[in-house]
């Protein structure tokens with residue numbers, strides 16, 4: 003089962019301890035084959051929306067910063083519970099904030 007975890011922006015600046023702990027966490031998950039992809043995302047982005055035949059392209063940043071996604075991780079695990087536990091470990095490292103976990107369906 004694949005899960006995508008997304009994380010919102012944080013008001014806390016990362017320090018050396020956070021970088022070290024996150025580096026170790028990423029190395030562990032990569033070595034075990036669980037982590038498929040991870041990365042930070044640009045803060046603005048571009049929104050593409052459609053209404054009938056009309057396609058609208060809008061460059062960010064957008065006003066709803068609380069809904070922005072700052073980073074993501076794509077993992078492959080055996081259960082939702084395992085994905086939740088990985089998310090808990092991630093939150094313990096990065097501190098206060100919010101992450102969203104969604105199962106990725108394959109064709």
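Numbering (the numbering used here), first residue to last: 3 to 109.
Ideal Cβ positions, reconstructed from N, Cα and C, are used throughout, including at glycine.
### Query
Just checking my contact of residue 88 with residue 77 at CB under 8 Å: how many whole Å lie between their CB atoms?
Yes, they are in contact, since the Cβ atoms of residue 88 and residue 77 sit about 6 Å apart, within 8 Å.
### residue 33 versus residue 71: straight-line alpha-carbon distance, rounded
Here the alpha carbons of residue 71 and residue 33 stand approximately 26 Å from one another.
### Query
Are the stretch 5 to 23 and the stretch 93 to 107 touching, with three or more C-beta to C-beta distances below 8 Å?
Counting Cβ pairs under 8 Å, three or more are found: they touch.
#### Entry: Range of the contiguous beta strand (DSSP E) that encloses residue 8
Annotation for residue 8: the continuous beta strand (DSSP E) segment containing it runs 4 to 9.
### Task
Sort 13, 21, 11 by Cα distance to residue 95 and report the nearest one.
Minimum Cα distance to residue 95 is reached at 21.
### Query
How many angstroms separate the CA atom of residue 97 from the CA atom of residue 56?
Near 42 Å, if we compare the C-alpha coordinates of residue 56 and residue 97.
### Task
For residue 85, name the three-state secondary structure that DSSP assigns.
Collapsing the DSSP output to three states places residue 85 in a helix.
### Task
Run the CB neighbour count on residue 15, radius 10 Å, all protein chains shown included, and call it buried at 16 or more, exposed below.
That one is exposed.
### Task
Can you tell me which of 52, 47, 42, 83 puts its alpha carbon nearest to the alpha carbon of residue 74?
Comparing alpha carbon positions, the residue from 52, 47, 42, 83 closest to residue 74 is 42.
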